[in-house]
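Asker: Here the protein sequences come in this chain order: D and F.
Using this note's numbering, the first residue of the first sequence is number 145, and each one after it goes up by one.
Using this note's numbering, the first residue of the second sequence is number 15, and each one after it goes up by one.
Where a beta carbon is used, it is the ideal one built from N, C-alpha and C, also for glycine.
Here the structure is a predicted model, which means the values were calculated and not measured.
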Amino acid sequence: MVSEMVGIIEGIIFLIVALVLISFAILSVVTRDIVRAALALIISMFTVAAVYIMLNAQFLGVVQILVYVGAIGVLILFAVMLTKKTMGRENNDQ
Amino acid sequence: MMSSEVIDILFNPWVRTLIGLCLIGVVFGGAMVVVWFERKLSGDIQFRLGPKYVGPFGMFQLVADAIKLMTKEDLIPSKADRLLFVSAPIVLMGSVFLMLVAIPFGAVFVNGVEYPIVGTEMDISILYIEAVSSISIIGAFMYAYSSNNKYSLLGAFRNFARMIGYEVPLGITIVSVAIMVGSLNIVEIAQAQSPIWFIFLQPLGFIVFFIALMADMGRLPFDQNESEEELVAGWITEYTGMRFGLGFFAEYIHLILGSMLVVLLFLGGWNLPSFLTNVTILGIFLPTLFYLLKVALVILTIIMLRWAVPRFRIDQVVDLSWKRLLPLSLLNLGWAIMLGIYLGM
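Okay, here's the thing in structure tokens:
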């Protein structure tokens, strides 16, 4: 009984995590704002870490955060800031 | 008789939740004390008085400031990226709270047995802390980018250049400590320093770690992302009210947690000689007190360094990290391996 409940709860949590992961991954492809795309990619990478931790691979999950969010995500943002693009909303003439 | 009761109480999930909430409260209260302390000490160093009207010695100045910040108009610039503008404080605070989960706040000795006061004890906690603390830069970036302001963007740019440089020596010094202990668990790292603190075994590592951590926390010789004199307030220029307050507060909580990390990794944690900790009443309070005292001393040093060292230029900062600290940290890594493997320490 208890183990069944635990299984159901785990399934629900996995469903939420997977939905967030897929929606942010799609968002990072379809969004027009390049910075938002990078941030959506970072969130989806973070969620992959959550999936790893749910699969009982805690070390891999933490390393995923360290490498993909802390290093690669930051480098992507850094590279985005080197590109020439108007900041913030469109049609601003600053 | 007494010990089993105490242990039962300590491991009750409700009690643990309560302890966790208390720890969050302690950190917030501690951050307020640190802000007050910094203002007062800065005043002393510059021959000013500092805050003095609210409460005894101006102690409740920050309460007054918080009330002021909360009653301010919640302003969002019209050309700002609203979604990022609103979610930036959440990301920044979230990163700080995630760090809080794995950092020990001391230890309780009951009949000579040690129970660390920590939210979650994991095998890889130092790696975890390092990982989640790197999220804070994304929060700071969101602060800066969403405000649509040139000064903010310049601040974020400098922040990136600095953080990318200093995460590397910071990580390598942490690794060299972990190699000597043979564990990534921060509680075990603290316990391993029972006879000799690591500052004596790895003095070079301590210096590199301390400098890199100050850069990581954005304390004054390294606060290029904020540099008031050139960039107004850098990354946080467009913010007012409680959103500004949260960014400001996150920096101070980061300062406290960083100082705890220094004490845990290099200054011996809460270890005391066992004849002190075996006494029941001393064992409950003394190690934590000793630990927090050391944390306070580290914070004091960092605050005093603020007025002792002028801010570096950004190219000097990047230079210091890649040309000086990185080779030194690698040297320290070699030294740690030598000590750890050949001397069997």
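Buried or exposed: D237 of chain F, going by 16 or more other Cβ atoms within 10 Å of its Cβ?
Answerer: By the 10 Å Cβ count, D237 of chain F comes out buried.
Asker: So is I153 of chain D in contact with chain F if we call contact Cβ pairs under 9 Å?
Answerer: No, no contact with chain F.
Asker: Under the assumption that I188 of chain F contacts L279 of chain F (Cβ atoms under 8 Å), give the Cβ distance between them as a whole number of angstroms.
Answerer: Between L279 of chain F and I188 of chain F the Cβ distance is about 7 Å, and since that is below 8 Å, they are a contact.
Asker: Going straight from the alpha carbon of I200 of chain F to that of I298 of chain F, what length do you get?
Answerer: Near 20 Å, if we compare the C-alpha coordinates of I298 of chain F and I200 of chain F.
Asker: Quick check: is the beta carbon of A181 of chain D nearer than 9 Å to any beta carbon in chain F?
Answerer: For A181 of chain D, the answer is no, since every Cβ of chain F falls outside 9 Å of its Cβ.
Asker: Using the beta-carbon of each residue, which ones in chain F are nearer than 8 Å to V213 of chain D?
Answerer: Correct list: A145, S148, I149, I152.
Asker: Count Cβ pairs between the stretch 209 to 226 of chain F and the stretch 272 to 292 of chain F that sit closer than 8 Å; are there 3 or more?
Answerer: Judged by Cβ distances under 8 Å, the stretch 209 to 226 of chain F makes contact with the stretch 272 to 292 of chain F, as three or more pairs qualify.
Asker: Is it right to say V323 of chain F is buried, meaning 16 or more other beta carbons lie within 10 angstroms of its own, or is it exposed?
Answerer: Answer is exposed; the Cβ neighbour count stays below 16.
Asker: Give the list of continuous alpha helix (DSSP H) stretches no shorter than 4 residues that lie fully inside the stretch 147 to 233 of chain F.
Answerer: You should have 150 to 160, 164 to 195, 200 to 205, 212 to 215, 217 to 231.
Asker: Just tell me which of F:I117, F:I203, F:I178 has its CA closest to the CA of I131 of chain F.
Answerer: For I131 of chain F, the nearest C-alpha among the options comes from F:I117.
Asker: Could you tell me the alpha carbon to alpha carbon distance between M15 of chain F and V29 of chain F, rounded to whole angstroms?
Answerer: Annotation note: pLDDT 43 at M15 of chain F (below 50); position unreliable, no value reported.
Asker: Pop quiz: Y3 of chain F and V49 of chain F are said to be a contact at Cβ under 8 Å. What is the actual Cβ separation, rounded to whole angstroms?
Answerer: Residue 3 of chain F lies beyond the stretch modelled for chain F, which goes from 15 to 359, so this question has no answer here.
Asker: Counting contacts by CB-CB distance shorter than 9 Å, is Q238 of chain D in contact with chain F?
Answerer: Since pLDDT at Q238 of chain D reaches only 44, below the 50 mark, its modelled position is unreliable, and the value read off the structure follows with that caveat. Yes, Q238 of chain D counts as interfacial toward chain F.
Asker: Kindly list, in the order they appear in chain D, the residues whose Cβ is closer than 8 Å to that of I138 of chain F.
Answerer: Near I138 of chain F (Cβ distances below 8 Å), the residues of chain D are Q202, F203, V206.
Asker: Using Cβ-Cβ distances below 9 Å, what residues of the stretch 171 to 197 of chain F are close to chain D?
Answerer: Flagged, chain order: F171, F174, A175, M177, I178, E181, G185.
Asker: Are three or more beta carbon pairs between the stretch 328 to 343 of chain F and the stretch 63 to 71 of chain F nearer than 8 Å?
Answerer: Short answer: they don't touch.
Asker: Mind checking whether F263 of chain F and M107 of chain F have CB atoms under 9 Å apart?
Answerer: Going by C-beta atoms, F263 of chain F is nearer than 9 Å to M107 of chain F.
Asker: Assign A162 of chain D to one of three DSSP states: helix, strand, or coil.
Answerer: Reduced to three states, the DSSP call for A162 of chain D is helix.
Asker: Taking 7 Å as the limit between beta carbons, can you name the residues of its chain near M256 of chain F, skipping five residues before and five after?
Answerer: Excluding residues within five positions, the ones whose Cβ falls inside 7 Å are L83, M84.
Asker: Does I160 of chain D come within less than 9 Å of chain F when only Cβ atoms are used?
Answerer: No - not a single Cβ of chain F is within 9 Å of the one on I160 of chain D.
Asker: Suppose the cutoff is 6 Å on Cβ atoms and the five residues either side in sequence are ignored; what does the same chain contact list for G272 of chain F look like?
Answerer: For G272 of chain F, where only same-chain residues beyond five positions count, the Cβ hits under 6 Å are L227, M231.
Asker: Any idea what DSSP makes of V323 of chain F, helix, strand or coil?
Answerer: Here V323 of chain F sits in coil by DSSP.
Asker: Output, in chain order, the set of chain A residues within a Cβ distance shorter than 8 Å of L221 of chain D.
Answerer: This model lacks chain A altogether; the protein chains it does include are D and F.
Asker: Report yes if the C-beta distance between F51 of chain F and I317 of chain F is below 9 Å; otherwise report no.
Answerer: Cβ distance < 9 Å, so F51 of chain F and I317 of chain F count as in contact.
Asker: Taking only three categories from DSSP, how would you classify Y129 of chain F?
Answerer: Three-state DSSP puts Y129 of chain F in a strand.
Asker: For the stretch 299 to 313 of chain F and the stretch 142 to 160 of chain F, state whether three or more C-beta atom pairs, one from each stretch, are separated by less than 8 Å.
Answerer: As far as the Cβ criterion goes, the stretch 299 to 313 of chain F does not touch the stretch 142 to 160 of chain F, which means the pair count is below three.
Asker: Since I believe F119 of chain F is in contact with V40 of chain F (beta carbons under 8 Å), could you give me their beta-carbon distance rounded to a whole number of angstroms?
Answerer: Right, the Cβ-Cβ distance comes to about 7 Å (below 8 Å), so this counts as a contact.
Asker: Report the three-state DSSP secondary structure of F123 of chain F (helix, strand or coil).
Answerer: Strand at F123 of chain F.
Asker: Who are the near neighbours of T254 of chain F in its chain, counting only those whose CB is closer than 6 Å to its CB and skipping five residues on each side?
Answerer: So the qualifying residues of the chain are K86, L89.
Asker: Helix or strand or just coil, what does DSSP make of M15 of chain F?
Answerer: Note that M15 of chain F scores 43 on pLDDT, short of 50, meaning its location in the model is unreliable; the coordinates nonetheless yield the value given after this. M15 of chain F: coil per DSSP, three-state reduction.
Asker: Does V218 of chain D come within less than 9 Å of chain F when only Cβ atoms are used?
Answerer: Chain F, which has a Cβ nearer than 9 Å to the Cβ of V218 of chain D, makes this yes.
Asker: Please compile the residues from chain F whose C-beta is within a distance smaller than 8 Å of the C-beta of I170 of chain D.
Answerer: In chain order: nothing, as chain F lies at least about 17 Å away.
Asker: Can you list the residues of chain D that L296 of chain F reaches, using a CB-CB cut of under 9 Å?
Answerer: None at all; the shortest Cβ gap to chain D is about 36 Å.
Asker: Quick test of your reading: M198 of chain D and V161 of chain D, contact by CB under 8 Å. State the CB separation rounded to the nearest angstrom.
Answerer: Between V161 of chain D and M198 of chain D the Cβ distance is about 7 Å, and since that is below 8 Å, they are a contact.
Asker: Let me know if F171 of chain F comes out buried or exposed under the rule of 16 or more other beta-carbons within 10 Å of its beta-carbon.
Answerer: Buried, by the Cβ-count rule.
Asker: Against chain D, with Cβ distances strictly below 9 Å, would D95 of chain F count as a contact?
Answerer: Yes, D95 of chain F lies at the interface with chain D (some Cβ there is under 9 Å from its Cβ).
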